[in-house]
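Quick note: the sequence shown uses our numbering, first residue 1, plus one each step.
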Amino acid sequence: MTDYEILEQIAYEKGILVDRTILKKHDALGGLYIRFAPNQYMILINKHRTIATQTIVLLEEIAHHDKTVGTIYNQSSVINRKAERQARFYAYQSLIPNIKNAFNTGCNSLWELSEQTDIPENALADIINVCDTKGIYLHPAFMAD
């Protein structure tokens, strides 16, 4: 099974329906977590993104299921931006071991890390920056581009 399929299975076990067909090609959203009612959840994934990006987005949206309370779509609110960052960091924590392992096997650039971990370069740069702000240094000699 691919990482995406594993995450779909995790979502299913949490009672979340995942749909990769609804978002439009040029939609700015990569994904969206929705609570319809108690015990009714759905994650929409933009199918027009790469599978690596869809995987990261699905991981983040599952983190919203686990960590976010209420609607945080409006990012002009400080509280909503904080909830977004918390869910993103929660999602990123599960990727840290793979990233550290890639560094330990000799990856020294964002591109090499991306190839080794199947995480998009822009997501890797964000993960490294977020971890740095939390005092988690994935590789002391590495600096994100």
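Beta carbons are placed, not taken as given, at the ideal position from N, Cα and C, and that holds for glycine.
Could you tell me the boundaries of the beta strand (DSSP E) in which residue i lies?
{"i": "D19", "result": "16-19"}
{"i": "Y41", "result": "40-45"}
Between which two residues does the alpha helix (DSSP H) holding residue i run?
{"i": "A28", "result": "Unbroken run through A28: none, as it is neither H nor E."}
{"i": "L138", "result": "Segment: none, L138 is in no alpha helix (DSSP H) and carries neither H nor E."}
{"i": "L7", "result": "3-13"}
{"i": "I96", "result": "96-104"}
Can you tell me which of the options puts its alpha carbon nearest to the alpha carbon of residue i?
{"i": "N129", "options": "R88, Q116, A102", "result": "R88"}
{"i": "K67", "options": "N104, Y90, I22, I45", "result": "Y90"}
{"i": "Q93", "options": "I56, L113, Q116", "result": "I56"}
{"i": "P97", "options": "T71, Q40, L124", "result": "L124"}
{"i": "R20", "options": "K14, P38, T53", "result": "T53"}
{"i": "E5", "options": "P120, T105, L59", "result": "L59"}
If you draw a straight line from the alpha carbon of residue i to that of residue j, how long is it in whole angstroms?
{"i": "N108", "j": "T133", "result": "20 Å"}
{"i": "Y12", "j": "K25", "result": "25 Å"}
{"i": "M1", "j": "L7", "result": "10 Å"}
{"i": "S76", "j": "W111", "result": "32 Å"}
{"i": "Y137", "j": "C131", "result": "6 Å"}
{"i": "G31", "j": "Q9", "result": "17 Å"}
Mapping DSSP to helix, strand and coil, what is residue i?
{"i": "I62", "result": "helix"}
{"i": "R35", "result": "strand"}
{"i": "S76", "result": "coil"}
{"i": "S109", "result": "coil"}
{"i": "D132", "result": "helix"}
{"i": "I127", "result": "helix"}
{"i": "D145", "result": "Reliability fails at D145, whose pLDDT of 45 lies under 50, so the model's placement of it is uncertain and no value is given."}
Answer yes or no: does any C-beta atom of chain B fall closer than 8 Å to that of residue i?
{"i": "D66", "result": "Reference to chain B is not applicable here, since this structure consists of a single protein chain."}
Review point. Are the segment 97-107 and the segment 73-82 touching by the rule of at least three beta carbon pairs closer than 8 Å?
Key: no
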